[in-house]
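Q:
Residue numbers (the working numbering), protein chains in the order written: chain P, 1 to 130; chain F, 1 to 146.
This is how it looks when you write it as structure tokens:
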């Protein structure tokens, strides 16, 4: 298990680099490595922009599947309207409104727990091809 | 960590050439945008080639910054061509749902250069100026623009 704390902007680069490296070691192909590092970049940036700080946990295990599981946790303001945040093109910050829905498309599975005022926890999984 | 290490922008005739050889963090991408626009304004460059062949991913922030830079450059009468995008990056960009808008792209630096040259010659012909081409004389079509 690897933990990357997100406190400043360059930690986003660290998080996506670490995730990519672990994905490569696990045997993911280049396109999947790129999907994983891009999804991590989007979600780690969300932490930085919305919550200021938080953490990215990267695990080479997502039982019952063989794959990588990455969890993004922050104690920020939370997401008021999850459905809206998952809508393409919607953004309350400075990205292109691709963050959440884009990361979901790049992953095989995404879980999101958020309560306004209580932070956000997002987990994505990418499975190794059988 | 070299915080202030900026990405070099080279001038070659009427063009600028930028090769991004490092993993871009957000502020660096914004700084590069500013530097490119400044350099266009300083040199009156007609076109900019941005080589991203070393970029291992382009997320929504970098993508937007590149697309915005192209729009801004065009208001300064300069065209931007993004060259060398890795196939895995292209796949991921589309899946992410990101469109680079009207940004010109080319497979590599050679093709990007040819593309820019042709584009600029066409623009000059439309304006009734002499094309920049030296080696190859293109016959202007006098019968109209369609």
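A virtual CB, placed ideally from N, CA and C, is assigned to each residue, including glycine.
1) By a C-beta neighbour count over all protein chains shown, 10 Å radius and 16 as the cutoff for buried, is residue 116 (chain F) buried or exposed?
2) Can you name, in chain order, every residue of its own chain whose Cβ lies under 6 Å from the Cβ of residue 65 (chain P), other than the five neighbours on each side?
3) If we cut at 8 Å on Cβ distances, does residue 68 (chain F) have a partner in chain P?
4) Tell me which residues share the same chain as residue 109 (chain P) and place their Cβ nearer than 6 Å to its Cβ, disregarding the 5 neighbours each side in the sequence.
5) Which residues share a DSSP beta bridge with residue 15 (chain F)?
6) Thinking just about the alpha-carbon of each residue, which of F:56, F:120 and F:72 is nearest to the one in residue 35 (chain P)?
7) Can you give me the Cβ contacts of residue 76 (chain P) inside the same chain, cut-off strictly under 6 Å, excluding the 5 residues immediately before and after it?
8) Taking 8 Å as the CB-CB cut-off, is residue 43 (chain F) touching chain P?
9) What beta strand (DSSP E) runs, 3 residues minimum, are completely inside the stretch 56-143 of chain F?
10) Do you know how far the Cα of residue 25 (chain F) is from the Cα of residue 76 (chain F)?
11) Considering only the alpha carbon of each residue, which of P:74, P:104, P:68 and P:63 lies closest to residue 83 (chain P)?
12) Report the residues of the stretch 89-104 of chain F with a CB closer than 7 Å to any CB of chain P, ordered along the chain.
13) Helix, strand or coil, according to DSSP, for residue 49 (chain P) in the structure here?
14) Given a limit of 8 Å on CB to CB distance, which residues of the stretch 1-19 of chain P reach chain F?
15) Do residue 20 (chain F) and residue 59 (chain F) have their C-beta atoms within less than 8 Å of each other?
16) Nearest by alpha-carbon distance to residue 82 (chain F): which of F:114, F:96 and F:126 is it?
17) I'd like to know whether the C-beta atoms of residue 78 (chain F) and residue 45 (chain F) end up nearer to each other than 8 Å.
18) Going along the chain, which residues of its own chain have a beta-carbon closer than 6 Å to the beta-carbon of residue 131 (chain P), five neighbours each way excluded?
19) So, using beta-carbon positions, are residue 117 (chain P) and residue 46 (chain P) closer together than 8 Å?
20) Going by DSSP, what residue range makes up the beta strand (DSSP E) through residue 21 (chain P)?
21) Quick check on residue 7 (chain P): does DSSP put it in helix, strand or coil?
22) Within 10 Å of its beta-carbon, does residue 27 (chain P) have 16 or more other beta-carbons around it, so buried, or fewer, so exposed?
A: Short version:
1) So residue 116 (chain F) counts as buried.
2) Only residues of its own chain outside the window of five on either side were considered, and among them 127 have a CB closer than 6 Å to the CB of residue 65 (chain P), listed in chain order.
3) Residue 68 (chain F) does not count as touching chain P.
4) The residues are 125.
5) F:12 and F:47.
6) Residue F:56 is the option with its Cα nearest to residue 35 (chain P).
7) So the list reads 50, 51 and 119, once near-sequence residues are dropped.
8) Not one beta carbon of chain P lies nearer than 8 Å to the beta carbon of residue 43 (chain F).
9) Counting whole runs of 3 or more residues, the stretch 56-143 of chain F contains the beta strand (DSSP E) stretches 79-83 and 104-106.
10) Roughly 26 Å separates the two Cα atoms.
11) For the residues P:74, P:104, P:68 and P:63, the minimum Cα distance to residue 83 (chain P) belongs to P:104.
12) Contacts with chain P (Cβ-Cβ distance below 7 Å) from the stretch 89-104 of chain F involve 89, 91, 92, 95, 96, 97 and 98, listed in chain order.
13) Three-state result, residue 49 (chain P): helix.
14) Residues 9, 10, 12, 13, 16 and 17.
15) When the beta-carbon positions are compared, residue 20 (chain F) and residue 59 (chain F) stay at least 8 Å from each other.
16) Among F:114, F:96 and F:126, the Cα nearest to that of residue 82 (chain F) is on F:114.
17) Going by C-beta atoms, residue 78 (chain F) is nearer than 8 Å to residue 45 (chain F).
18) The shown model of chain P, from 1 to 130, leaves out residue 131 (chain P), and the question about it has no answer.
19) At a Cβ-Cβ threshold of 8 Å, residue 117 (chain P) and residue 46 (chain P) do not count as neighbours.
20) Residue 21 (chain P) -> not in any beta strand (DSSP E); alpha helix (DSSP H) instead, spanning 10-26.
21) Note: residue 7 (chain P) maps to coil in three-state DSSP.
22) With fewer than 16 Cβ atoms within 10 Å of its Cβ, residue 27 (chain P) is classed as exposed.
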